[in-house]
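First residue of the sequence shown: 38, per the working numbering; consecutive thereafter. A quick write-up on the structure given underneath.
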Amino acid sequence: LYTCGNHVFRSTDEGTSWEPISPDLTRADTSKLGPSGGPITKDTSGAEFYATIYTFRESPHAAGVFWAGSDDGLVHLSRDGGKTWTDVTPPDLPEWSFVRTVEPSPHDPASLYLAATRYKLDDPAPYLYKTEDYGQNWHKLTDGLPADDFVRVVRADPMQPGLLYAGTETGLYVSLDDGANWQRWEANFPVTPVYDLTVKDADLVVATHGRAFWIMDDLTPLRQLAAAAQDDGNRLFATRPAVRIVPDLFAAWTTSEGKGYAIGLTTAATFVAKKTATGHVRREFLDAGEGAPHGALLTYVLGATPDAETPITLTIRDADGAVVRSFTPKPADYDAWDDTRKAMEPGPWIAAKAGVHRFLWDLRGEGSARVPGDKTAGAAYTGALVLPGVYTVELTVGDATLSTELTVVNDPRSPASMDELRAQHELLTALYAKVTTVHK
C-alpha cells in the first residue's frame, strides 16, 4: 500500500506500519506551512494543509516506477522503487501550480499525462501536458480547450492508444488524437465541474461536483473513431455484447407518456415518461439515478442528410440471415397523422439527419399486430426477447449497405439453459403470432 503526505509512505503489512520511501517532494515553503484558521479558532477540517503530494501513481508497466505531483507545483519520478527521486516538473509550468493528476500511459512505459490548475491564483487557464521520455521533455495538450476552462483530471483509455478524456470546470472533453485536439462532449451531460474520471470496461464513469455520478455507456464507437482515419461518409460502428436481461414484472410496461411512481413491482421511484424523437419512451427520474438502457446501443454516422427519396433502414438479422427486426426513419408527414394512426404505428424510428446517432434496440423481435383503431399502449404488443447468439446489424442508405456483428449474451444471473430459452422463445413467438391472427 502507498499513501502520501509531503513524503511517499509504503506499507507491506496491510497498513499496520508505514515507512517513508522519499524525501520531502514539495517546496516546503515555511511561509505557507502555518496553521490555518483565525488567531483564536483554528481550522479543524483538515482541508487547508499545504505542501502535500496530491497525486501519486505507480506505472502499470513496471513495478517500482512512481510518479508524484504536489499541490505546490512539483512533479517527481522514481524508477527504482523510491530509492532515488528526480524532479521532472515541466519547465513552463508556473510556480505554485496545483498538480491535480498524473496519469501514466497504459500503452507506453515512458509516457505520462499531467493536469494542473491555478484558479486559486486567479488563473483559469488549462495546464495539460504529456511526456514521452520519463519527464525529460514535455509538451502542452490544450488545443481545443477554452482558455478559461481549467482541467482537473485527464485519463487515457486503457484499450485504445490516443483516446483521452479530460474533466474541466465546466464539463467533459474527448481527444481522438492523443491530445492534439480536444472536442467538448455534450449530449445530455450537464455544465458542471468534473472532479474525476475512470474507465470501467467499456464505460466512462464521471464524478461531478454537485451533479452526481454519470456514465457514458459503451465507448466502443469512440475507440473505433480513434483507431481509424475519419472520413465524411456513412459509418456503422461495432458494439459491445448486449446482455439479454428479462425485466422485472411490469418494469418494461412504460410504453406511454406520463408520471409514474414505481418501476414494476420491485422499486419505488418517481419519474416522468417522455417519448424521444425516435419514438422510444424514456423515464426521467426525479428521485433516483438512471440505469443503463436494456438492449443494444447501435451507433452510426450519416455523412449527409439523405434526400426524401433515398430509403434508409436499420436491419437486424439472425445467424440464418432472416430478418429479426427492421427500422426506418419517421415519415415526413408524421405530424399530420391522427392519434389513431400514431398509436397503430408507434415506432421506434431511426434518425436520418447528418451526424452521429445512437439507436436502442430492445433485443426483441416483431410484436403482435394491433386491433385496427386501437389507441391503447401496452407491453402485450412487444415481441419476444431474442435468443443469445450472433446477429448481423445492417445500415442501408440507398443502394449501399454497411454491416457489423452483434453478440447477444444471456443474463449471467439467469439459471436457464439454452434449451429452456429456446423452448420459451418458440412458445412466445407462437403466442404473438396467435394474437396477431385474432387482432386481424
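Virtual Cβ for every residue (Gly too), placed ideally from N, Cα, C.
Self-check item: Range of the contiguous alpha helix (DSSP H) that encloses Glu-457
Solution: 455-476
Exercise. Please list, in chain order, all residues of the same chain as Trp-386 whose beta carbon is under 6 Å from its beta carbon, the five residues on each side excluded.
Key: Thr-315, Gly-316, Pro-366, Lys-367
Practice problem: Quick one: give me the first and last residue of the beta strand (DSSP E) that Met-253 is part of. | Solution: 250-253
Quiz item: Residues in its own chain within less than 7 Å of Ala-421 by CB, not counting five upstream and five downstream?
Solution: Arg-401, Gly-402, His-462, Leu-465, Thr-466, Tyr-469
Exercise. Decide yes or no for the touch test of the region 61-68 against the region 103-114: beta carbon pairs closer than 8 Å, at least 3 of them.
Key: yes
Self-check item: Endpoints, the alpha helix (DSSP H) within which Arg-260 is located
Solution: 257-264
Exercise. Name, in chain order, the residues that DSSP records as bridge partners for Trp-398.
Key: BP columns for Trp-398 point to Ala-333.
Quiz prompt | Those residues which DSSP pairs with Lys-177 across a bridge | solution = Tyr-166
Quiz item: What are the partner residues of Phe-103, as DSSP defines its beta bridges?
Solution: Glu-95, Ser-115
Quiz item: Is Ala-380 helix, strand or coil by DSSP?
Solution: Helix at Ala-380.
Practice problem: May I ask you to list the residues that DSSP assigns as paired with Thr-235? | Solution: Val-242
Self-check item: DSSP beta-bridge partners of Val-139
Solution: Leu-151
Quiz item: Is Leu-149 near Pro-141, with beta carbons less than 8 Å apart?
Solution: yes
Quiz item: Does the distance from the C-beta atom of Trp-398 to that of Arg-354 stay below 8 Å?
Solution: no
Quiz item: What does Ala-310 pair with, by DSSP beta-bridge criteria?
Solution: Residue pairing by DSSP places Ala-310 opposite Gly-295, Arg-320 in a beta bridge.
Quiz prompt | Cβ-Cβ separation, Asp-145 to Glu-169 (assumed contact under 8 Å), whole Å | solution = The Cβ separation is near 7 Å, so the contact holds.
Quiz prompt | Under 8 Å between C-beta atoms of Arg-272 and Val-231 | solution = The answer is no: Cβ separation not under 8 Å.
Quiz item: Expressed to the nearest angstrom, what Euclidean distance is found between the alpha-carbon atoms of Pro-425 and Phe-226?
Solution: Each residue's CA atom was taken as its position, placing Pro-425 and Phe-226 some 32 Å apart.
Quiz item: For the beta strand (DSSP E) that Trp-222 lies in, which residues bound it at each end?
Solution: Per DSSP, Trp-222 belongs to the beta strand (DSSP E) from 220-222.
Quiz item: If you draw a straight line from the alpha carbon of Ala-177 to that of Tyr-166, how long is it in whole angstroms?
Solution: A small correction: the amino acid at residue 177 is Lys; Ala does not occupy that position in the sequence shown. Rounded to the nearest angstrom, the two C-alpha atoms are 4 Å apart.
Practice problem: Just mark Thr-258 as buried or exposed, buried being the case when its beta carbon has 16 or more other beta carbons within 10 Å. | Solution: What sits at residue 258 in the sequence shown is Pro, not Thr. Buried, since its Cβ has 16 or more Cβ neighbours within 10 Å.
Self-check item: Closer than 7 Å: Thr-229 CB and nearest the ligand NAP heavy atom
Solution: Of the ligands one can find in the structure shown there are none, so the ligand NAP has no counterpart to examine.
Quiz item: If we call anything under 8 Å between Cβ atoms a contact, is Pro-163 one with Thr-179?
Solution: yes
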